[in-house]
Amino acid sequence: MHPSLAIQHIEGLPEPTKSLARLAASSTVLAHLVKLDDLISHTSHPQEALCIPAFYVHLNVRDLPLLRAQIRKLPKVSCLPERLACALVGLGAFGKLHGYVHPGAREEVWSSAWAWIQLLQEVNIKRAPELQPSSDAMRFVFVRVILAFSSQPKTCSSVMAQPQIREYMAAGWAAALNLPDVSQMLLADISTCVSANCDLANPDHLRDVVAGAGGTMNDLASLIVRGMRGLIPPPSTALADSLRLGLKIHGVLNLAHQLPPLKEALASHGIVGVICTALCAHALSGLSERDIAMLYLFTMSIVNYYLPVFPRNTRIKEALDSGLLRAIVFCACFKNVELFEKQLQELLGTLLPQALVYHSVLTSLRAALDDAEPLTHNRAFRESKLFGMWQDFVRLATDRLDLLVKFDRGKIGQTRACDNLECISPIKLDDDLKWCSRCHSTFYCSKTCQSQDWADHKTLCKSLLQRKNELAYLSPELKFLRAVLNHDYENARADVVAKHTKALEKHPNAPCAVVTFDYRQGVDVQIECGPALDEAEFTTQHYGARVGRSDRRLELHVMALTVGEDRTEWLALPMRVDAGGLVTTH
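Note that the UniProt record's numbering gives residue 1 to position 1 of the sequence shown, counting from 1, and the numbers run on in steps of one.
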C-alpha cells in the first residue's frame, strides 16, 4: 500500500474530525462514514487530504471474493449489506477527493475502486425493487469515480483499458440526468468524459455505449439529446460557464455526428429543438460576438443537417418553436457573417420555404416571426446580404399566414364532386359527401356510387391508406394542402390554363395533362404542365388513368412536396370541371 494511504495520517486531523475519522475507519457502521463524508464538504483542503485513509480502508479488496460469492447465491438483493454500503460511500468520497490523492497512489486507488464498482454493479443487476440506494444513485457514484480517475494523466489509460468501461460511463451519464440536484457543471464534465473517450465508429465502443444507454440505438439517441438539453445555460449563468457549457454542447454534437445511422433517431427525440434552444441561449449569454460566432459556426450547419429528416414538417415546426428565426437574424448580424452565409441561405431560401405549405408549421410561424421581429431592425441585419432573402421569405410567410387565418375561420369553402366518374350529381359541400371508411381520401354521394366505383378504387385504397399513415397527414393538414393549391392555382390561373392548353397540343395522345405545382424549389412555386410523371408514385399514375377516362371532366393537379431527405411526396389532387370552373375532388 502506498504510504499516503496509511491509516495513521488521520491523526493529523483536528478534533472532532479526528475522532469521527477513527470511528469511520475502524468499523463498518455506515452512519460514521456518512457523517465524515458530509463533513469533508465543509473542511479545509489539508483536512480533506488527511481524511482519505478513512475512506480507503473500506475499499480493501481482500473482502471481495467472499462478498461476491454471497451475492451470487442470492436470487435478488433486497437489502444492501453494511459492508457494501460502506464501500459505496467510500467510492463516492473518492469521486470528490481524487484531486488530493497522492500521484503515486492513484493507480492503486483506481484498481481497488474498479474492483468494488464491478461487484456493486452485480448487486445493481440483481436488485429487488425495494433496494436502496436506487440504481441511478449507484451508477452516478460509479461514473463520478470513473470521471475522477480518467481526468488524471497517471490513471487515464488504465481507466479506459477496462472492459465495458464505456458502458458504465454511458449508464452513469443517464443516471446523472435522472437524478435531481446534479449540478450543470458536473453534468458537463460527465458528458465530456463520454464524448471525449467514445468513438461511435468503433464497433466495440458503440456496443458498450448503447448497452449503457439502455440497449438500443433509440436509447442512445435519447441519452444524447437529454444530455445536450441538460447543458443549455440559463440566462443567469456566468460568462465563463456559458462559454464552457457551449463548448461541451459541441462535444456532444460531435459524438452524435460520428454515427450517421443515429440521425433519424436523434431527430425523432428532438435534437433540432435542443440545438435551436442552445443557439438562442448563446445569443442571450452576454458573451462577446467572437465567442458566440465560434459557438454558432458548427451548430448552424448541424441544424441544416437534421432539419431535412423525415417528416420534415415536424422538424421545421420544432425549430420554429425553439427560436430558429431569432437565431438566424442574430447570426446574420455578425461582422463575419460570410462564415454562415451558405447555411443561412439554405435555411431562408430552401428548407424553411419548403415547409410553408403545412398547417402545423404555419401555426408556429407567426409567433416565431414576432419573436424575431425586434432583431430585424438592427442596422447590421438590414445592411447584410441576407436581408433581401429574409424579405422574400417574410413575403411568402405573410401570404401563407393570411391563408391560414381564412382557413381556420372557415372562410375558405371546401367543395367536392362524387368520386364515381359515372355520377352526374352536382358538386357539393364536403359535409354532404361520405368518405371511404378505409382510406378517408375518396368521397361519394351515396352507397350506390361507392359500390359502382369499388372495382377501380380498391387498387388505390391500400396505397392511399399507407401514405396517410406514413406521413401522418391528419384531415386538417390535407385540407390545408388543398387550400394552398387552390390559392396558388387561382393566383396563376391564366398561366396554368395557357400551359395546360399548350401541353395538350404538344402531347395529343397523352391520357391527360398533369399540372405540377412544385414546392421543392423554395420561395417561388414552379408550375409545369405535361404528360403523366414517370417519377411520380402509383397514386398519381392511377389518378392520371382516371382522368384519361373522364372525357375531360377531370384534370389532375399534383403537389410536389419535400417530406424528407431526397424524398418527394407527389400529392395528387384531381380537379373536377364544373360550370363555375375547377374545384377539388380530393
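Idealized CB from N, CA, C, for every residue including glycine.
If you're wondering where the values come from, they're calculated on a predicted model, not measured in any experiment.
* Asked: My guess is that A105 and L5 are in contact by the Cβ rule of under 8 angstroms, so how many angstroms apart are they, rounded?
  -> 6 angstroms
* Asked: Assuming F310 and R567 make a contact with CB atoms under 8 angstroms, what is their CB distance in whole Å?
  -> 6 angstroms
* Asked: By DSSP, does V123 sit in helix, in strand, or in coil?
  -> helix
* To do: Indicate whether A332 and L344 have their beta-carbon atoms separated by less than 8 angstroms.
  => yes
* For W454, is the classification buried or exposed, using 16 other Cβ atoms within 10 angstroms of its Cβ as the cut-off for buried? -> exposed
* From which residue to which residue does the beta strand (DSSP E) around L556 run? -> 554-564
* Asked: Relative to the alpha-carbon of N254, which residue among C280, L295, L460, A238 has its alpha-carbon at the smallest distance?
  -> L295
* Helix, strand or coil at F334 [DSSP, three-state] -> coil
* To do: Using three-state DSSP, classify Q521 as helix, strand or coil.
  => coil
* To do: Consult DSSP for E318 and reduce its assignment to one of helix, strand or coil.
  => helix
* To do: Assess, as a yes-or-no matter, whether the region 218-229 is touched by the region 238-247 under the definition of 3 or more beta carbon pairs within less than 8 angstroms.
  => no
* Beta carbon of R83 nearer than 8 angstroms to that of T28 -> yes
* **Residue burial classification, E130 (beta-carbon count within 10 angstroms, cutoff 16)** => exposed
* Asked: Is the distance from the Cβ of W116 to the Cβ of Q162 below 8 angstroms?
  -> no
* Asked: Roughly how many whole angstroms lie between the Cα atoms of S195 and G212?
  -> 14 angstroms
* To do: With DSSP as the reference, label I527 as helix, strand or coil.
  => strand
* Asked: Beta-carbon separation of L50 and L13 under 8 angstroms?
  -> yes
* To do: Quick one: give me the first and last residue of the alpha helix (DSSP H) that Q345 is part of.
  => 341-346
* Asked: Helix, strand or coil: how does DSSP classify A201 here?
  -> coil
* Option in Q452, D518, E565 with minimal Cα separation from A572 -> D518
* To do: Could I get the ranges of all uninterrupted alpha helix (DSSP H) runs contained in the region 373-412, with 4 residues as the minimum, in chain order?
  => 379-382, 387-408
* Asked: Apart from the five residues just before and just after S425, which ones in its own chain have a Cβ nearer than 7 angstroms to its Cβ?
  -> C418, C445
* Candidates S384, E422, L365: closest to R395 by CA position -> L365
* Count the other C-beta atoms from every protein chain shown that fall within 10 angstroms of the C-beta of M228, then say buried if there are 16 or more, exposed otherwise. => buried
* Which class does T459 belong to by DSSP, given the choice of helix, strand or coil? -> helix
* Classification of V405 by the beta-carbon crowding that lies within 10 angstroms, buried from 16 upward -> exposed
* Asked: Which ranges would you report for the alpha helix (DSSP H) in the region 227-270 if only whole runs of at least 4 residues count?
  -> 239-257, 263-268
* **First through last residue of the alpha helix (DSSP H) which encompasses L295** => 289-306
* Determine the extent of the alpha helix (DSSP H) in which K502 is found, giving its start and end residues. => 493-506
* To do: Please classify E82: does DSSP put it in a helix, a strand, or coil?
  => helix
* **Segment limits, alpha helix (DSSP H) that includes T17** => 17-26
* Counting only the same chain and skipping the five closest in sequence on each side, list residues whose C-beta sits under 6 angstroms from that of residue 589. => Within the shown structure, residues of the chain are numbered from 1 to 586, placing residue 589 beyond reach of any answer.
* Count the other C-beta atoms from every protein chain shown that fall within 10 angstroms of the C-beta of D524, then say buried if there are 16 or more, exposed otherwise. => exposed
* Asked: Apart from the five residues just before and just after P233, which ones in its own chain have a Cβ nearer than 6 angstroms to its Cβ?
  -> S242, L245, A281
* What does a CB cutoff of less than 6 angstroms around E569 pick up in its chain, not counting 5 residues either side in sequence? -> L561, V563
* Asked: Excluding the five sequence neighbours on either side, which residues of its own chain have a C-beta within less than 7 angstroms of the C-beta of T314, listed in chain order?
  -> none
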